[in-house]
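These notes are about the structure you will find just below.
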Amino acid sequence: MAQTAKLPMDFSAFVDQCARAGHEFVDRALAEEDAGWQQVIPYIILQTRDLGKTAVYLRQGSETRLHDLWSSGIGGHINPRDQSKTSESFQQILMSGMARELDEELTQHPSDDLPVFSGIIHETVTDVGRVHLGAVFRILTQTPASYVPGPELCRFQWVDTDKLPSLNMELWSCLAMDLLNKN
Numbered sequence: 097m098a099q100t101a102k103l104p105m106d107f108s109a110f111v112d113q114c115a116r117a118g119h120e121f122v123d124r125a126l127a128e129e130d131a132g133w134q135q136v137i138p139y140i141i142l143q144t145r146d147l148g149k150t151a152v153y154l155r156q157g158s159e160t161r162l163h164d165l166w167s168s169g170i171g172g173h174i175n176p177r178d179q180s181k182t183s184e185s186f187q188q189i190l191m192s193g194m195a196r197e198l199d200e201e202l203t204q205h206p207s208d209d210l211p212v213f214s215g216i217i218h219e220t221v222t223d224v225g226r227v228h229l230g231a232v233f234r235i236l237t238q239t240p241a242s243y244v245p246g247p248e249l250c251r252f253q254w255v256d257t258d259k260l261p262s263l264n265m266e267l268w269s270c271l272a273m274d275l276l277n278k279n
């Protein structure tokens, strides 16, 4: 049965659960087909401090299953290069992966706008969702113009948050926005 879930959660509780469950890096082609391997994806929502505007972009890039859908989330797979030492904790790997993803997707962004963890999202409605677990973060900014998109963030723009439902959004973006609205 296909389902969706959005769960507000404390960051330390999330990290603790992931650490207890154990983590390892497996071949991505295998992980993309086997729901037994849940790939944790840092998923960052950019909004103005007054929550009036949210950054969105049209999906293109390497994940063809999401093409032509609008997204409010920036993020991607954490991978072995995000682990500088074998002794690093899951939290260190996740945070390193999130920082790398932001640097890859945005050619410029303020270093003092820090991500805050909100909870997790998961869905089994889409082929993409059934093999990924979203760790949702939000960055609030006073200076949206200081965020400069890289080439994968096609048609990047700041839209009125209350206009998001009129866009053809990917499911994860809808779940993440619902989660943020709960907090």
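Using the numbering used here, you'd call the opening residue of the sequence shown number 97 and step up by one each time.
We put the beta carbon where it would ideally sit given N, CA and C, even for glycine.
Note that the structure is predicted; figures quoted are calculated from it, not measured.
Exercise. Please classify residue 289: is it buried, with 16 or more other beta-carbons within 10 angstroms of its beta-carbon, or exposed?
Key: Since the first residue shown for the chain is 97 and the last is 279, residue 289 is missing from the structure and cannot be characterised.
Practice problem: State buried or exposed for residue 155, treating a residue as buried only when at least 16 other CB atoms are found within 10 Å of its CB. | Solution: buried
Self-check item: Residue ranges of each beta strand (DSSP E) within the stretch 166 to 219, 3 or longer
Solution: 169 to 171, 202 to 204, 212 to 219
Quiz item: Taking Cβ positions, are residue 267 and residue 222 nearer each other than 9 Å?
Solution: yes
Quiz item: Near residue 101, what residues of its chain come up, given a Cβ to Cβ distance below 6 Å and the 5 sequence neighbours on each side ignored?
Solution: 218, listed in sequence order.
Quiz item: Does the separation of the CB atoms of residue 168 and residue 141 fall below 9 Å?
Solution: yes
Quiz item: Do the CB positions of residue 128 and residue 172 come within less than 9 Å of each other?
Solution: no
Exercise. Please determine, among 111, 164, 195, 227, the residue with the shortest C-alpha to C-alpha distance to residue 132.
Key: 227
Self-check item: C-beta contact flag for residue 192 and residue 180 at 9 Å
Solution: yes
Self-check item: DSSP state of residue 232 mapped onto helix, strand, coil
Solution: strand
Exercise. Compare the Cα-Cα distances from residue 99 to each of 248, 272, 233, 225 and report the closest residue.
Key: The residue with the shortest Cα to Cα distance from residue 99 is 225.
Quiz prompt | Pairwise C-alpha distance: residue 126 and residue 245 | solution = 31 Å
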